[in-house]
Amino acid sequence: MPLPRRKLLGVLFCSVILAGCKHEGLNRTETTTAANGTASEISVWPALPPALPVDPALEARISGLMARMTIEEKVGQLIQAEIKYTTPEDVRKYHLGSVLNGGGTYPDNNKFATPQDWLALSAAFFAASMDTSDGGVAIPIIWGSDAVHGHNNIVGATLFPHNIGLGAARDPDLIRRIGVATAREVAVTGIGWTFAPTVAVVRDDRWGRTYESYSEDPAVVQAYAEAMVKGLQGEKSDSDFLRGEHLVATAKHFVGDGGTMRGIDRGDNQVSESELAKVHGAGYLGALPAGVQTVMASFNSWRGEPLHGHRYLLTDVLKGQLGFDGFVVGDWNGHRFVPGCTVDSCAAAINAGLDMFMVPSDWKTLYENTLAQARRGEIRPERLDDAVRRILRVKIRAGLFEHQRPLAGRSGVLGSAEHRAVAREAVRKSLVLLKNNNNLLPLSPAQSVLVAGDGAHNLSKQTGGWTISWQGTGNTREDFPGATTIFEGIQALVKAAGGEVVLSARGEFDSTTFTHGGRPDVAIVVFGEEPYAEWHGDLASLEYQLGSNSDLALLQALRKQGIPVVSIFLSGRPLWVNRELNASDAFVAAWLPGSEGAGVADVVFTSPEGGRPYGFSGTLPFSWPHYVHQTVLNPYHPDYAPLFPLGYGLQDGAQSLVSNTLTEDGDTYSDGALEDAWLMVSRPRAPWKLFIVEELQAPVAVTGNRSSSGPDTNITVAAIDRESQEDARQIRWKGLRPGAVWLAAERPQDLSHYLKERAALILDVRVDRKPEHPVRAGIACGPDCAAELPLQTALAKLQPGNWSTLSIDLQCFAAEGADFSRVSGALSISSEGALELAVADVKYVPGAADRAVISCGG
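The sequence shown begins at -7 in my numbering and counts up one residue at a time.
The structure is reproduced here in structure tokens:
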């Protein structure tokens, strides 16, 4: 006889998570008013002269070109299309000003495209842009790429530590040399423009782009911005400035991207204009005088007004007060967020001061609409001409018309030994020693070493996001030719000293593991965050491995055996790791070190001869939290009380300042209020993972951007774009048999405080095919504990094809038997028949029960 539905839910869930089922402009100084009505004081921004003197010959050349250009050609210069969605013929026909390759886009969609493949496509685009067979003006195209920690889109490139690690080095000359090396490797592929450096000054470490910031200290960001621009572009006084082996650089994202509320990517920065200028504007005070030629507008808003349409900041401040004479490029469809705009129509952005749209796939419609707006005068003629003049100015300065590329196609440059040596140096200088009881470090390599943790031999974790793919996911060891994992670096050093090293990700060994038997002399555990990029990495809590703690269990297991434990922590930001610190004898913040993992061994060990050529020198670029709610933790705050302050870092022989008794009580409260519990925002949030579950079939973990159940693909989950890339999931049930999609955790979570504070389950839903069979929302709490509520009627009331917000009072699940003290499945959506819907932004929201769409009156 069939199992009761509640029992069946528990059995299905038990098959997913076994652990849970066992036991558990103008130069002005006067006050102005921004478009949003906010009084603005432009004098808080320094008045800067243009970085380069006016060149009459250059300007005359631009005027001559523009006099011959049609309005169609001028509008074409404002368009930047993605190479996946355009061809050289498109460039010729529409006179496009630029192309880009987004993260995870390659020539012919080939991840392993060679430098020659990249160069061939670049040459084809250039030739098309210079084709005058239609009687047009030859204007060279400029190709932009996110080379943000090396030429990170191409297999075989040197990958430098992400910016947060470089910030720990406190070495501007190193940054300049990294810029030089990056420019050379990009130039090999025929690309002339990089969207770097990021000069954000982060306030809330939950932001998913924290690792793209050099530091929370504006002074560090300002110095590094100058150094990186000089490395990428060359010195502005040199004859090879922007030419030869150099690139056009980009300072991004203007302005305030690191200061959004709650660290939400693309959110709102609400600080005063004085703080916006002094803190978030600091990087531009380094990049602009160094001659940076492009600035990228930010996705974020300032006081509610999106930067892509912010005339005061883009025109009055950036182009006027700060003297910027290059061009402003948008971010990926960022103009769509300007009030009254869509992806394919946004005259307001151009009128506000944007010079080039980044419009990856919808560029043809945007081109046609922009052309019509220019003809009608909706885009002012002088504004159109100003934008085109700025774009041509940069192209001429960069020598694009002459097309002299001495490194194009040259072998031996990409991933060269010289560049890898610079990257390895950067790794050494980025390491920050946070704890070192009894001066355990440096280690002698002439001993028995156990290397554990899933990050030890894992280049994907080691390199992080913006690596080959956009999110840095889906990569294997074979995707990193010439690179070195942290384990491989340790292995080489220990063997050279006559020691013995064994790799066991789970820390397992027995009496036969080491030649001399017994326990290892020391264990090095390498662990940390999985790769992520942009908003996919936004956090609701700084607690590391929230709800899981599997790495903590590994550390504790080794310590219980009396083995000294050295933790190497891989992360894109400071995280609350008090428990892991307590379980470690030594703790090293290694950030995201890139392709040259051997740099870790250089510092953690002495040399094989016992010398000390490289000691710990890195210092924290960000304050480290003592309590989990310290998400905004900057030195100027009156309640500044970090565990480790900005600039902290032990050196050899220094006394450790942290005990083994740090508080291990974490919570989700900030300023006395319970925060939203994010279950899925762009992607599932820790500890939750997404699964497809069907009776009598193995559960399927939803990974990548598409997953299906069974050979007949009865249920399919695919990542789709709602407002941003892959920020929603579309779910299709064929109806061949009942099944569900689950947000599940490895271990039960205590969410009872959300029930007490009258929370509601809230999610955004788009019904693409109305349900004709029962649909249910469920919560699981172990093998014999589950609750379901009917969902079919609520879904049937929604307008098909439109996004709506659906909310359910958590008390309704509790009334059906859900135990919120041990939630193992935070949400399931099950269907007995065919159904198509999309979901996004799933969360538990305190205090929202009273206005829930589905309420039980509890």
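We treat Cβ as the ideally placed atom computed from N, Cα and C, and that holds for glycine. For clarity, every value in this text was computed on a predicted model and none was experimentally measured.
- Within the model, the alpha-carbon separation for E51 versus V419 is close to 44 Å.
- By the CB criterion at 8 Å, L819 and A769 fall inside the cutoff.
- Residue range L827 to V837 is occupied by the beta strand (DSSP E) that includes Y836.
- In this structure, the alpha-carbon of A806 lies about 12 Å from that of R814.
- Q69 and R382 have their C-alpha atoms spaced approximately 10 Å apart.
- Burial state of V67 is buried, judged by a 10 Å Cβ sphere holding 16 or more other Cβ atoms.
- Per DSSP, the unbroken beta strand (DSSP E) holding I754 starts and ends at A752 to R761.
- In this structure the region 428 to 445 touches the region 573 to 589; the number of beta carbon pairs closer than 8 Å is three or more.
- By the neighbour-count definition (other C-beta atoms within 10 Å, threshold 16), E265 is a buried residue.
- In this chain, Q72 is not harboured by any alpha helix (DSSP H); it is covered by the beta strand (DSSP E) spanning I71 to E74.
- Secondary-structure assignment with DSSP links A720 through a beta bridge to I712.
- Comparing C-alpha distances from G825 to each of E718, R195 and R729 shows the shortest one belongs to R729.
- In this structure, the straight-line span from the alpha carbon of Q722 to that of N794 is close to 13 Å.
- Among the bridge pairs identified by DSSP, L435 is matched with F597.
- Rounded to the nearest whole angstrom, the C-alpha separation of P99 and Q647 is 53 Å.
- About 6 Å separates the CB atoms of I684 and V733; that is less than 8 Å, so the two are in contact.
- In this structure, A339 lies near E370, with their beta-carbon atoms less than 8 Å apart.
- Within the region 244 to 309, the complete beta strand (DSSP E) segments at least 3 residues long are 286 to 289, listed from N- to C-terminus.
- Taken in chain order, the whole beta strand (DSSP E) runs of length 3 or more contained in the region 426 to 489 are 440 to 444.
- Exposed is the label assigned to Q553, since fewer than 16 other Cβ atoms lie within 10 Å of its Cβ.
- Collapsing the DSSP output to three states places T705 in coil.
- The alpha-carbon separation between R328 and V351 amounts to approximately 10 Å.
- Less than 8 Å divides the Cβ of F319 from the Cβ of T286.
- Per DSSP, I156 has no beta bridge partner at all.
- In the three-state reduction of the DSSP assignment, P740 falls in the strand class, which pools E and B.
- Under the three-pair Cβ rule at 8 Å, the region 398 to 405 counts as touching the region 176 to 186.
- CA-to-CA, the gap between P637 and G696 works out to about 37 Å.
- The secondary-structure analysis by DSSP pairs K681 across a beta bridge with A736.
- Under the 8 Å Cβ criterion, the region 584 to 596 counts as touching the region 149 to 158, having at least three qualifying pairs.
- In the three-state DSSP reduction, L747 falls in the helix class (H, G or I).
- G171 and P740 have their C-alpha atoms roughly 47 Å apart.
- If you draw a straight line from the Cα of D713 to the Cα of F472, it is about 29 Å long.
- From the listed residues A772, R761, G127 and F812, the smallest Cα separation to L790 is found for R761.
- Taking C-alpha positions only, E667 is separated from L755 by approximately 16 Å.
- Between the alpha carbons of V767 and W725 lies a gap of roughly 11 Å.
- In this structure, I131 is the residue among E687, A49 and I131 with its C-alpha nearest to the C-alpha of E64.
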